[in-house]
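Q: Would you mind keeping the following structure in view while I ask a few things?
Numbering (this note's numbering), first residue to last: 237 to 546.
Now the structure itself:
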């Protein structure tokens with residue numbers, strides 16, 4: 237039985253009811269853009285709420301003590317003053333002479349910078365061995381490295397102190413730098429990143445007669461810049477914020493790190509909020525500067541070394 241013929245009007249109505257490919261793509265694109273705009277809006281709001289307390293504390297460090305304690309609080313310092321910073325650095329405003337903050341900052345920079353540099357080099361060498369070479373006991377040693385992460389710091393702090401005291405390192409910066417020269421986290425990050433590099437890089441160099449050490453320094457090391465920055469930033473931050481270990485091994489106030497010095501400073505000037513805010517700003521500033529300078533490489537290293545999934 238023959239099907240009844242459809243009229244031209246029916247065919248046109250059917251075609252108009254079916255959306256074209258271009259219309260579907262436009263709708264999908266608009267839907268994605270709306271989701272992206274909503275996500276960015278949420279992130280901006282979250283960032284503003286997260287940043288607001290730190291920004292307010294930083295601004296308040298330029299206020300007088302009376303203005304810091306004023307109710308309701310003011311956003312803009314009136315007047316703007318550097319008196320808190322001058323007091324801390326003993327350059328004015330009846331500055332303190334009991335807390336040598338220049339020494340504190342210098343000691344922290346040596347501790348954080350030294351451990352970051354040593355971790356980059358030593359962890360890269362260890363990661364190259366674990367990730368690119370085969371040798372007896374490799375799996376066992378790497379398992380020990382993984383297990384070391386699970387050991388609480390409090391469990392080994394007394395043996396560390398006994399060793400430092402026996403070697404005569406207490407009250408010296410070596411007592412801070414040597415125990416933190418290489419960490420399990422840095423080795424694992426380096427190993428994870430180095431495993432992702434193609435082995436053809438080494439094979440072609442070996443054919444040309446290059447040694448393992450030469451391959452590492454001239455070929456591999458320049459290629460691992462993202463994870464180098466990641467390890468360096470993480471170790472710098474950890475050492476800069478370290479408090480318990482420097483407090484234990486340092487007895488002279490001229491050898492204190494900034495975190496320890498600020499703790500003693502707070503004990504004396506605990507009622508002077510403007511001074512405490514200025515001290516906190518000084519402590520945070522180097523970390524913020526380092527991160528913003530190296531953030532591109534840091535994020536790349538985090539994503540490629542596997543830390544983001546932990």
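C-beta: ideal position from N, C-alpha, C; glycine also.
Could you spell out where the alpha helix (DSSP H) holding residue 448 opens and where it closes?
A: For the purposes of this step, residue 448 is taken as the residue at position 212 of the chain shown. Per DSSP, residue 448 belongs to the alpha helix (DSSP H) from 448-451.
Q: Any contact between the region 370-387 and the region 436-452? By contact I mean 3 or more CB pairs, one from each, below 8 Å.
A: The answer is no - the region 436-452 does not touch the region 370-387, with fewer than three Cβ pairs under 8 Å.
Q: Quick check: residue 340 and residue 483, are their CB atoms within less than 9 Å of each other?
A: Reading the chain shown from its first residue, position 104 is the one you call residue 340. Reading the chain shown from its first residue, position 247 is the one you call residue 483. No, the Cβ-Cβ distance between residue 340 and residue 483 is not below 9 Å.
Q: Hey, out of 478, 441, 425, 281, whose CA is closest to residue 461's CA?
A: Indexing the chain shown from 1 puts residue 461 at position 225. Selected option, being the one with the closest Cα: 425.
Q: Who are the Cβ neighbours of residue 270 in its own chain at under 7 Å, not counting the five residues just before and after it?
A: Walking along the chain shown from the start, residue 270 turns up at place 34. There are no such residues.
Q: Could you tell me the alpha carbon to alpha carbon distance between residue 325 and residue 336, rounded to whole angstroms?
A: The residue you call residue 325 lines up with position 89 of the chain shown. The residue you call residue 336 lines up with position 100 of the chain shown. If I take the Cα positions, the gap works out to 7 Å.
Q: Just mark residue 438 as buried or exposed, buried being the case when its beta carbon has 16 or more other beta carbons within 10 Å.
A: Numbered from its first residue, the chain shown carries residue 438 at position 202. Residue 438 should be labelled buried.
Q: On a Cα-Cα basis, can you pick out the residue from 509, 348, 406 that is closest to residue 300?
A: Position 64 of the chain shown holds residue 300. That would be 509, whose Cα lies nearest to the Cα of residue 300.
Q: Can you give the Cα-Cα distance for residue 422 and residue 303, rounded to whole angstroms?
A: By one-based count along the chain shown, residue 422 stands at place 186. By one-based count along the chain shown, residue 303 stands at place 67. Each residue's alpha carbon lies about 45 Å from the other.
Q: For residue 435, which three-state DSSP category applies?
A: Position 199 of the chain shown, counting from 1, holds the residue named residue 435. Reduced to three states, the DSSP call for residue 435 is coil.
Q: Enumerated in chain order, which unbroken segments of the alpha helix (DSSP H) with a length of 4 residues or greater are wholly contained in the region 492-533?
A: Correct list: 494-504.
Q: Taking buried to mean at least 16 other C-beta atoms within 10 Å of its own C-beta, is residue 389 buried or exposed?
A: By 1-based counting over the chain shown, the position of residue 389 is 153. Classification of residue 389: exposed, given that the 10 Å Cβ count is below 16.
Q: Runs of 4 residues minimum, wholly inside the region 266-328: which ones carry the alpha helix (DSSP H) assignment?
A: Fully enclosed alpha helix (DSSP H) runs of 4 or longer: 301-304, 319-324.
Q: Taking 9 Å as the threshold (C-beta atoms), are residue 464 and residue 433 in contact?
A: Your numbering for residue 433 matches position 197 in the chain shown. Your numbering for residue 464 matches position 228 in the chain shown. No, the Cβ-Cβ distance between residue 433 and residue 464 is not below 9 Å.
Q: Round the Cβ separation of residue 475 and residue 352 to the nearest angstrom and send it over; I've been treating them as touching at under 8 Å.
A: Here residue 475 corresponds to residue number 239 of the chain shown, with the count starting at 1. Here residue 352 corresponds to residue number 116 of the chain shown, with the count starting at 1. Residue 475 to residue 352, Cβ: 7 Å. Contact.
Q: Give me the Cβ distance between residue 417 and residue 358, rounded to the nearest whole Å; I'm assuming they're in contact under 8 Å.
A: Along the chain shown, read from residue 1 onward, the residue named residue 417 stands at position 181. Along the chain shown, read from residue 1 onward, the residue named residue 358 stands at position 122. The pair is a contact, with the Cβ atoms about 6 Å apart (cut-off 8 Å).
Q: Relative to the C-alpha of residue 485, which residue among 405, 320, 528, 283 is closest?
A: Counting from 1 along the chain shown, the entry for residue 485 is found at position 249. Cα-wise, what sits closest to residue 485 is 405.
Q: What first and last residue would you give for the alpha helix (DSSP H) that runs through residue 411?
A: Counting from one through the chain shown, the residue named residue 411 turns up at place 175. Looking at the DSSP string, the run of the alpha helix (DSSP H) that includes residue 411 is 410-413.
Q: Quick check on residue 370: does DSSP put it in helix, strand or coil?
A: Taking the first residue of the chain shown as 1, we reach residue 370 at position 134. Residue state, collapsed to three classes: coil.
Q: What residue range is occupied by the uninterrupted alpha helix (DSSP H) comprising residue 477?
A: As a position in the chain shown, residue 477 is number 241, starting the count at 1. Taken as a continuous stretch (DSSP letters only), the alpha helix (DSSP H) holding residue 477 covers 461-477.
Q: The alpha helix (DSSP H) spanning residue 455 covers which residue range?
A: In the chain shown, counting from the first residue as 1, residue 455 sits at position 219. Counting along the chain, residue 455 falls outside any alpha helix (DSSP H), and DSSP gives it neither H nor E.
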